[in-house]
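Q:
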Amino acid sequence: MIGAVAVLLGQLLGAGPAVARGGVLPGAAFPLVLDVDMTPNPVCSGPVRGRVEIYDPAAAKSGATVEWRVRAGEEQLAGGRLDMGATVGTAEFSIPYDRVPAAETALQIDARIAASSGGGHASGRYGKVWRDTIRRGCDPVRVASVGDSVVWGQGLDHDQKFPYLTGQSLGRETGRGRQVMDYAISGAVLDAPDLPAGNNDADCLRTTEKQDPDGDGEMEFGEVTQQTPDVFCQLEKAGAQARAGGYGLDLVVINGCINDLDPFFGIGAGITPGSEDLPKAVRRECSGVGAAAENPAKDVPYFSGAKVGYGGRGMRAAIEKAHSLPGHPKVLVADFYYALSRSSSPVPVKTCSVPGVTGARLASCRGALGGVAGRYEQYTQLANAAYHQAADAANEASTDGAYAVAADGLFTVDNALLTRDSKVWNTPVTDPAFPLRTRACPELSATPAQCLTAAVAHPDIAGARQYADAFLLNPSVRAWFGLPRQGPRARLHVPGSARVGGEVPLSVTVGGKPPAGYRYHWYFGDGTQQETSEPAVTHVYDRGGPWLPRVVMSGPDGGQVLVEAGRALVAG
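In case it helps, mature numbering (1 follows the signal peptide of the UniProt record, and there is no 0) puts the sequence shown at residues -20 to -1, 1 to 552.
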């Protein structure tokens, strides 16, 4: 998601000095460990071979040498010195099998400026720590993630992102360990029909991206917004890496289509051509149906994903491509959350004042500000419905059983930007990735001001954890990985018809009877929720939908079961 960061840009840029989490100045993060690859990890036999990438433009400018280390607790497993001849320096290491712990063990990787040989200066302080794990094992759960900034985890450290957390939980619950490969990038469109030429995904393997300095398809600088590689290209690269590594994937976590519409000027303000009718636009971009022969947004004078993402393939095609990767993985489509809602603070007028938005467009944008939050709520519901339809259609056409699910993070309107229970970044300078953006955005981004504030309105640490925890409740995910049930097989009953403004009854049964002894957390599908001690509730919908109700049943032993309605409600 690239444009929603502009929603409160005017007031947020005055939010205070450029400091990161905990009041630490961005420079204290450097030398910054940009990425660490360890293969294989978990390891069945032989050594773990690793590669560490260190990012420090200032060190490169001065020709400094850095010292880096890989530690498990107080034990150093690897380390060395690296002359910074470029802004990104790379060093390789090897950890012998007999030094690899049998059980999952936390690793810390960090770096500092080395003392000069002539004694001119002492060693510097160690920069920000990269955290990972290492263990022995022969059959890890392998997860690939593809998508835009939501799946990328804008603003988060790599071990805080929900695809990583999902893989970690699956690895622990199955006892297999995990390996997570992230091919997502902030700003990615679902499909750029003209990129590469002829929409030939195989040609993606011949392209290089400045956000991917080591060329492995994983975007080390994915924090820097760019519309490509699109999701189909990301899948192509994930498949190529799997084939080259001789492994199959178990799960693909995927999302997409918000940038194809243009997150702020399209979804929010509705001034990007083709976005005025939001249901029609979502059907075109998320479902791949209804594009005109010519892109009406191709020449808009402002930064917009709609320039390259208009039309093209929808989510069903992406799901089917994901399942075709080596290993024929299961596919989890991550439902969108509430970035903005009617519970958020008002959107300031200066949000519309960006380069290229002038005259009638500027007036239209300012006139639309009162409806931005409502349109975001509508987009969330429409996009998630499109995701579910795509997963259902892919499963129905499958010859090897159901393999796809659109899984929800159980977010509500009160988790949106500047709300009472917000679970997104509310300022542009407090997220863990802000130090990286202070250096990388001026160097790599065509829109550095927007890039610097990119984390705003994306899930924060608690939001990412909520996504992962909710995914592990999903019945399909639990069945795919052989995880035990944590409660009874229940059914959520919804009426055959509903009326806007009228009371809609919902109830849960087990074996045809109301269950006893549970707490019920109802998610009505419209961004609202309610907790009860009874297995029945009523709810009033203020719009037509579609709404997909869910309920989480919590037992006295702490076990939880997610129950989803068999079909969406549409109120008349």
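Note that CB positions come from ideal geometry on N, CA and C, so glycine has one too.
Leaving out five residues on either side along the sequence, give the residues of the same chain with a beta carbon under 6 Å from the beta carbon of R293.
A: Translated into the one-based positions of the sequence shown, residue 293 becomes position 313. Beyond the five residues adjoining it in sequence on each side, R293 comes within less than 6 Å, by CB distance, of D171, G268 in the same chain, given in chain order.
Q: What residue ranges within the stretch 75 to 112 form continuous beta strand (DSSP E) runs of no fewer than 3 residues, ordered along the chain?
A: 85 to 93
Q: State the DSSP-derived secondary structure class of G350, mapped to helix, strand or coil.
A: As a first step, residue 350 must be located in the sequence shown, where it is residue number 370. G350: helix per DSSP, three-state reduction.
Q: From D394 to G481, what distance separates their C-alpha atoms?
A: On the sequence shown, position 414 is the one that residue 394 refers to. On the sequence shown, position 501 is the one that residue 481 refers to. Cα-Cα distance, rounded: 21 Å.
Q: What are the start and end residues of the beta strand (DSSP E) that includes Q159?
A: Translated into the one-based positions of the sequence shown, residue 159 becomes position 179. Run containing Q159: 158 to 162, per the beta strand (DSSP E) assignment.
Q: May I ask you to report which of helix, strand or coil DSSP gives G246?
A: Your numbering for residue 246 matches position 266 in the sequence shown. Helix at G246.
Q: Is V169 helix, strand or coil when you go by DSSP?
A: Here residue 169 is taken as the residue at index 189 of the sequence shown, counted from 1. Three-state DSSP puts V169 in coil, outside helix and strand.
Q: In whole angstroms, give me the CA-to-CA distance for E423 and I238.
A: As a working note, residue 423 is residue 443 in the sequence shown. As a working note, residue 238 is residue 258 in the sequence shown. Between E423 and I238, the C-alpha separation is close to 26 Å.
Q: Is it true that the CB of L549 sits closer than 8 Å to the CB of A478?
A: For the purposes of this step, residue 478 is taken as residue 498 along the sequence shown, with counting starting at 1. For the purposes of this step, residue 549 is taken as residue 569 along the sequence shown, with counting starting at 1. Closer than 8 Å, so yes.
Q: Given that a residue counts as buried once 16 or more other Cβ atoms are within 10 Å of its Cβ, and exposed if not, what is residue 578?
A: The structure shown does not extend to residue 578, since the chain is modelled only from -20 to 552, so the question has no answer here.
Q: Nearest-angstrom Cα distance between A261 and A286?
A: Position 281 of the sequence shown, counted from the start, is the residue given in the question as residue 261. Position 306 of the sequence shown, counted from the start, is the residue given in the question as residue 286. Distance between the alpha carbons of A261 and A286: 11 Å.
Q: Hey, V541 and G467: beta-carbon distance below 8 Å or not?
A: Residue numbering aside, residue 541 sits at position 561 when the sequence shown is read from its first letter. Residue numbering aside, residue 467 sits at position 487 when the sequence shown is read from its first letter. Yes, Cβ-Cβ distance for V541 and G467 is below 8 Å.
Q: Roughly how many angstroms separate the alpha carbons of G246 and D137, rounded to a whole number?
A: Within the sequence shown, the letter at position 266 stands for residue 246. Within the sequence shown, the letter at position 157 stands for residue 137. Cα to Cα, the separation comes out at about 29 Å.
Q: Helix, strand or coil, according to DSSP, for H473 in the structure here?
A: To locate residue 473, count along the sequence shown from 1; it is residue 493. Reduced to three states, the DSSP call for H473 is strand.
Q: For a test of the three-state rule: what should DSSP assign to A177, helix, strand or coil?
A: As a first step, residue 177 must be located in the sequence shown, where it is residue number 197. In this structure, A177 counts as helix in the three-state DSSP scheme.
Q: When the distance is taken between beta carbons, is V68 closer than 8 Å to S125?
A: As a working mapping, residue 125 is identified with position 145 in the sequence shown. As a working mapping, residue 68 is identified with position 88 in the sequence shown. No, the Cβ-Cβ distance between S125 and V68 is not below 8 Å.
Q: Roughly how many angstroms separate the alpha carbons of G2 and A9, rounded to a whole number?
A: As a first step, residue 2 is located in the sequence shown; it is residue number 22 there, counting from the start. As a first step, residue 9 is located in the sequence shown; it is residue number 29 there, counting from the start. Residue placement at G2 cannot be trusted, given a pLDDT of 44 that sits under 50; what the coordinates show is reported in the next sentence. Rounded to whole angstroms, G2 to A9 spans 12 Å at the Cα level.
Q: Checking the sheet assignment: what are the DSSP bridge partners for I34?
A: For the purposes of this step, residue 34 is taken as the residue at position 54 of the sequence shown. According to DSSP, which records beta bridges pairwise, I34 is partnered with V13, G69.
Q: Taking the alpha-carbon positions, what's the I299 to A371 distance?
A: Sequence index remark: in the sequence shown, residue 299 carries index 319 (1-based). Sequence index remark: in the sequence shown, residue 371 carries index 391 (1-based). For I299 and A371, the distance between alpha carbons rounds to 7 Å.
Q: Roughly how many whole angstroms lie between the Cα atoms of A(-1) and A496?
A: Start at 1 with the first residue of the sequence shown, and residue -1 comes out as number 20. Start at 1 with the first residue of the sequence shown, and residue 496 comes out as number 516. Per-residue confidence for A(-1) stands at a pLDDT of 46, beneath the threshold of 50, marking its modelled position as unreliable; the derived number appears in the next sentence. Spanning the two alpha carbons is a distance of roughly 48 Å.
Q: Which partner residues of A384 appear in the DSSP bridge assignment?
A: Numbered from its first residue, the sequence shown carries residue 384 at position 404. Per DSSP, V311.
Q: Provide the residue span of the beta strand (DSSP E) that contains G60, from first to last.
A: Within the sequence shown, numbered from 1, the residue matching residue 60 stands at position 80. Under the DSSP assignment, G60 falls in the beta strand (DSSP E) whose first and last residues are 55 to 63.
Q: Check L215 in the structure and name its three-state DSSP category.
A: Position 235 of the sequence shown holds residue 215. DSSP places L215 in helix when its eight states are reduced to three.
Q: Within 8 Å of any Cβ in chain D, is that where the Cβ of Y498 sits?
A: The structure shown has no chain D; it contains just one protein chain.
Q: Output needed for G552: all residues of its chain with C-beta closer than 8 Å, excluding positions within five of it in sequence on either side, in chain order.
A: Here residue 552 refers to the residue found at position 572 of the sequence shown. Around G552: S477, A478, R479, V480, G524.
Q: Exposed or buried, which one is Q191 when buried takes at least 16 other CB atoms within 10 Å?
A: Here residue 191 is taken as the residue at index 211 of the sequence shown, counted from 1. Classification of Q191: buried, given that the 10 Å Cβ count is 16 or more.
Q: CA-CA distance, T418 and L432?
A: Within the sequence shown, numbered from 1, the residue matching residue 418 stands at position 438. Within the sequence shown, numbered from 1, the residue matching residue 432 stands at position 452. Looking at the backbone, the Cα of T418 and that of L432 are separated by about 7 Å.
Q: To which residues of the same chain is D537 closer than 8 Å at the C-beta, ignoring the five residues directly before and after it?
A: Your numbering for residue 537 matches position 557 in the sequence shown. Answer for D537: no residue qualifies.
Q: Candidates S103, P143, V484: which alpha carbon is nearest F504's?
A: Taking the sequence shown and counting its residues from 1, the one referred to as residue 504 is at position 524. Residue V484 is the option with its Cα nearest to F504.
Q: Using the Cα positions of G236 and M295, report the straight-line distance between them to the nearest angstrom.
A: As a working note, residue 236 is residue 256 in the sequence shown. As a working note, residue 295 is residue 315 in the sequence shown. Answer to the nearest angstrom: the Cα atoms are 8 Å apart.
Q: Note the first and the last residue of the continuous alpha helix (DSSP H) segment covering V130.
A: Numbered from 1 along the sequence shown, position 150 holds the residue referred to as residue 130. Counting along the chain, the alpha helix (DSSP H) containing V130 begins and ends at 129 to 132.
Q: By Cβ distance below 7 Å, which residues in the same chain neighbour Y77 in space, the five residues on each side in sequence not counted?
A: For the purposes of this step, residue 77 is taken as the residue at position 97 of the sequence shown. Hits under 7 Å: V23, S25, G26, P27.
Q: Taking only three categories from DSSP, how would you classify W149?
A: Start at 1 with the first residue of the sequence shown, and residue 149 comes out as number 169. Reading off the sequence shown, one finds Ser at residue 149, where the question assumed Trp. It is helical.
Q: Quick one: complete beta strand (DSSP E) runs, 3+ long, within the stretch 222 to 300?
A: Segments of the beta strand (DSSP E) lying fully in the stretch 222 to 300: 231 to 234.
Q: Taking buried to mean at least 16 other C-beta atoms within 10 Å of its own C-beta, is L185 buried or exposed?
A: On the sequence shown, position 205 is the one that residue 185 refers to. With fewer than 16 Cβ atoms within 10 Å of its Cβ, L185 is classed as exposed.
Q: Within this structure, are the beta carbons of T489 and A470 separated by less than 8 Å?
A: Residue numbering aside, residue 489 sits at position 509 when the sequence shown is read from its first letter. Residue numbering aside, residue 470 sits at position 490 when the sequence shown is read from its first letter. Contact flag set, yes.
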